[in-house]
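Residue numbers (the numbering used here): 13 to 308.
Don't be surprised by glycine CBs; every beta carbon is placed ideally from N, CA and C.
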Amino acid sequence: MTDDRESGASSQNPSRVPPIEDWHRLLDGRVAVVTGGGAGIGGAISRLFAQHGALVEIVEIDPDRAALVVEDIEAVGGVARAHVVDVRFDAEVEDLRGEVLGEHGRIDVLVNNVGDHRPLVRFHESDPESWSAMYAVNLEHLFRVTRAFLTPMIDGGGGSIVNVHSVEGMRGFPGEPVYAAMKAAAAHFTTSLAAGYGRRGIRVNGIGPDLTQTTQVDYLAPDGPSGAGDHLWESWTPVGRLGWPVDQARVALFLASDLSAFVTGHNVPVDGGTLAGGGWFFSPEARRFVNRPTGL
Ligand SMILES: NC(=O)c1ccc[n+]([C@@H]2O[C@H](COP(=O)([O-])OP(=O)(O)OC[C@H]3O[C@@H](n4cnc5c(N)ncnc54)[C@H](O)[C@@H]3O)[C@@H](O)[C@H]2O)c1
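In structure tokens form, the structure reads like this:
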């Protein structure tokens, strides 16, 4: 006879669809680790998960940002803790693992959200140092943090991993091919991990954001990318507006919760339709889509 874990078989009952007990608390009592959870998309994910009953472990390099999100969550009766951690370093992630498992004895949800396109280096001016920096902040920590929590997740009966990468990993990005390559690798890591660990109760999915207002990508700053004027959003996204962190968080909630119990290995562009409409722009003047915009 073979042990379930050795054979790779799931300990879950194959004929059972997990029931949704409470539609307002989709993560009730679940332990959720969110990296980069102190601002932007990670901040919105932390808040929404807590609102849905998760015990949120915020992993953040910036202590003030982490403290602020914990304060917000506690103010509305939620549960969260801050961990000041730089996910680029093994020892800090090991300590984090100890703190989370020491407190709860398990982990149910992991959101790998840390990533940064800065500094934007043109490829012909890049060097091994800039490539390594892109690797460290956009890809390597996914391996590190996922490995740290995967075994406890399996031992606890399963869980959900959500990797926040970028729509730039799902299309060509002329601005920073190295960043785009790291994001594409994160998307493929998602798919491959899902295929390997599904039978052990682990689901893995990814989100590819685009055009979302955050501290890192401040479209609304006077000198920010949106400086040209709000009316242009009609051209920039098929849905005709800027994205907000909560747009990303809602999809993360779906992927983290049992709503998506039969979904694994997928990367969802959360982009207002930019990937779908790639190359086509709505022209407010012509009142139609054009693939050769003028007047730029
Ligand atoms: N905002 C967008 O439009 C957009 C578009 C494409 C992809 N993304 C991706 O979405 C994710 C979140 O982006 P965002 O715009 O919310 O970014 P953000 O910079 O606003 O927030 C990221 C958070 O992560 C923290 N952080 C950074 N490095 C860290 C480290 N080494 N260890 C721990 N914490 C760290 C930061 O302090 C910050 O609070 C990133 O992976 C980013 O590449 C965002």
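Sorry if obvious, but does the Cβ on residue i come closer than 6 Å to a heavy atom of ligand 1?
| i | result |
| --- | --- |
| Glu-72 | yes |
| Pro-221 | yes |
| Thr-226 | yes |
| Val-112 | no |
| Arg-130 | no |
| Arg-28 | no |
| Val-105 | no |
| Val-282 | no |
| Gly-309 | Nothing about residue 309 can be reported from this structure: the residues present for the chain run from 13 to 308 only. |
| Gly-50 | yes |
| Ser-144 | no |
| Ile-53 | yes |
| Ser-178 | yes |
| Asp-76 | no |
| Asp-98 | yes |
| Val-126 | yes |
| Val-190 | no |
| Val-229 | yes |
State the beta-bridge partners of residue i as determined by DSSP.
| i | result |
| --- | --- |
| Leu-162 | Leu-162 is not bridged to any residue. |
| Pro-305 | None, per the DSSP bridge assignment. |
| Arg-300 | Ser-295 |
| Val-88 | Answer is none; Val-88 lacks a bridge partner. |
| Thr-227 | Thr-227 is not bridged to any residue. |
| Ala-44 | Val-68 and Val-121 |
Reducing DSSP to helix, strand and coil, say where residue i ends up.
| i | result |
| --- | --- |
| Gly-220 | strand |
| His-95 | strand |
| Ser-142 | helix |
| Ile-53 | helix |
| Glu-18 | Because the pLDDT of Glu-18 is 40, which lies under 50, any placement of that residue in the model is unreliable, and the question is left without a value. |
| Arg-215 | strand |
| Pro-75 | helix |
| Ser-178 | coil |
| Thr-203 | helix |
| Glu-246 | helix |
| Glu-69 | strand |
| Val-123 | strand |
Excluding sequence positions up to five away, which residues of its chain have a Cβ less than 6 Å from the Cβ of residue i?
| i | result |
| --- | --- |
| Phe-161 | Ile-119 and Leu-122 |
| Leu-151 | Met-194, Ala-197 and Ala-198 |
| Phe-266 | Ser-272 |
| Phe-294 | Glu-246, Ser-247 and Phe-301 |
For residue i, collect the residues of the same chain with a Cβ closer than 7 Å to its Cβ; drop the 5 residues on either side in sequence, then sort them by chain order.
| i | result |
| --- | --- |
| Pro-296 | His-243, Glu-246 and Ser-247 |
| Thr-249 | Leu-223, Gly-284, Gly-285 and Thr-286 |
| Asp-235 | none |
| Glu-111 | His-95 |
| Asn-303 | Gly-291 and Trp-292 |
| Gly-65 | Arg-37, Leu-39, Asp-40 and Gly-41 |
Between which residues of its own chain and residue i is the CB-CB distance below 8 Å, once the five residues before and five after are set aside?
| i | result |
| --- | --- |
| Leu-113 | Ile-119 and Pro-164 |
| Glu-33 | Asp-40 |
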